[in-house]
Amino acid sequence: MFELAWPWLFLLLPLPWLARLLLPAADSGEPVLKVGFLDELEGLAGRRARLNLPTWRQQAPFLLIWLLLLLAAARPQWLGEPVPVSASGRDLLVAVDVSGSMDFPDMQWQNDEISRLDLVKALMGDFLQDRQGDRVGLILFGSQAYLQAPLTFDRRTVRTFLDEAQIGIAGKNTAIGDAIGLALKRLRQRPAQSRVLILITDGANNGGQIHPLTAARLAAQEGVRIYTIGIGANPEASGTPGLLGLNPSLDLDEAALKEIADITHGSYFRAHDGAELGAIGDTLDQLEPVAQQPTQARTATELYAWPLGLALLLSVLLVVAVQWPDNLLQRLLRKPRFLQPHPEWRQRLKRLRLRRRR
1 MFELAWPWLF LLLPLPWLAR LLLPAADSGE PVLKVGFLDE LEGLAGRRAR
51 LNLPTWRQQA PFLLIWLLLL LAAARPQWLG EPVPVSASGR DLLVAVDVSG
101 SMDFPDMQWQ NDEISRLDLV KALMGDFLQD RQGDRVGLIL FGSQAYLQAP
151 LTFDRRTVRT FLDEAQIGIA GKNTAIGDAI GLALKRLRQR PAQSRVLILI
201 TDGANNGGQI HPLTAARLAA QEGVRIYTIG IGANPEASGT PGLLGLNPSL
251 DLDEAALKEI ADITHGSYFR AHDGAELGAI GDTLDQLEPV AQQPTQARTA
301 TELYAWPLGL ALLLSVLLVV AVQWPDNLLQ RLLRKPRFLQ PHPEWRQRLK
351 RLRLRRRR
């Protein structure tokens, strides 16, 4: 089906004529011959003098070019048949702590020691990429919370944003309450049964403007389920000291994370290493998807290149006609000589007309 995306652009059709009426005439810079006895010349010639303006035939190519340009700007499209789009699943936001403690290298993954954030990137990135049929989004929080990727079906881009997350990009503190509040703002307009937030942190709330439990109660009222994940090795098992010899795992407030999950009818998980975090992702995968309202989409093929190319071709032909009047194309378009009236026939026609008048 043919359709114009922006048909209102045809309202600009009279723009050249309005510009001609409103703008002053351009000065060619050439001297003009003014004839004071124009009436006498018209009497001798037997006809009225005409201004040197282009006729409608000479204006037709320019009008056609202008119409083609407007048609191209209106974005002509060919719409295909409606195609159903899978829209069953959840609206899932993942809030990841990027404070300074997430850089602590106490996690084991594939026989290597890596930082907590790197482990989250590796495993939660796969988790997000596999959420077929779900809208997923990403929140990064530290001293403040930022929406890095809104809810979208483009899971690959969300994973790319997660891979590009840097320690300290949102501040050094941990504002868990602000992260929940931002997620609630984004999820409240979605179906109530599909609102899910996965909160990943390794510390306690020590920043922000909203208390985590207050934000959790608001989330429960809006039907948002929060699954909290505390990440970090056991303080006794970790042999890597932190700053000033302290282990950041001691800062993890498991009690608050459990209460947040209980208030919102979610669950709390503890990830001591990569294997446990991977198992947590498998557990979250077992949540039953909620069917949402099905949608349909049409494939649109843009056709603006055709009128735009034709307008360019006509413009080139006009330039050629002005710069090189005696070109091969004009020679081919001229009338053959045997079709042109002979001068003697013109004289005979004039005589016949004079006789009829007498």
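Residues 1 to 358 in the UniProt record's numbering are what the sequence shown lists, from first letter to last. All C-beta atoms in this analysis are idealised placements derived from N, C-alpha and C, irrespective of residue type, glycine included.
Reduced DSSP secondary structure (H/G/I, E/B, other) of V94: V94 carries a strand assignment under DSSP once its states are collapsed to helix, strand and coil.
Close beta carbons around T228, own chain, < 6 Å, minus the five adjacent residues each side: These residues qualify, in order along the chain: L199, L257, I260, A261 and Y268.
Cβ contact check for the stretch 119 to 139 and the stretch 59 to 76: 3 or more pairs under 8 Å: no
Of the listed residues K172, D97 and G177, nearest to P212 (C-alpha basis): Nearest option by C-alpha distance: G177.
Counted within 10 angstroms of its Cβ, other Cβ atoms place A19 as buried (16 or more) or exposed: exposed
Bridge-paired residues (DSSP) for P76: L4
Reference P14, options A25, L70, L187 and I210, closest by Cα: Nearest C-alpha to P14: L70.
Rounded separation between A96 and A297 - CA only: Looking at the sequence shown, residue 96 is not Ala but Val. Approximately 33 Å between the Cα atoms of the pair.
N-terminal and C-terminal residue of the beta strand (DSSP E) that F141 is part of: R135 to F141
For D106, three-class secondary structure by DSSP: coil
Coil, strand or helix - I210 by DSSP: coil
Given A215 as reference, the closest of Q77, N173 and L184 once Cα atoms are compared: L184
Short Cβ contact (8 Å threshold) for Q148 with G274: no
P325 burial status per 10 Å Cβ neighbour count (16 or more: buried): Classification of P325: exposed, given that the 10 Å Cβ count is below 16.
Secondary structure of I169, DSSP reduced to three states: I169 falls in the coil class under three-state DSSP.
E254 - DSSP class collapsed to helix/strand/coil: Assigned with DSSP and collapsed to three states, E254 falls in helix.
Secondary structure of L199, DSSP reduced to three states: strand
C-alpha gap between L243 and D251, whole angstroms: A caution first: L243 carries a pLDDT of 45, below 50, which makes its placement in the model unreliable, though a value can still be read off. Approximately 13 Å between the Cα atoms of the pair.
Local Cβ density within 10 Å of T157, reported as buried at 16 or more and exposed below that: exposed
Spatial distance of S194 from G207 (CA atoms): 29 Å
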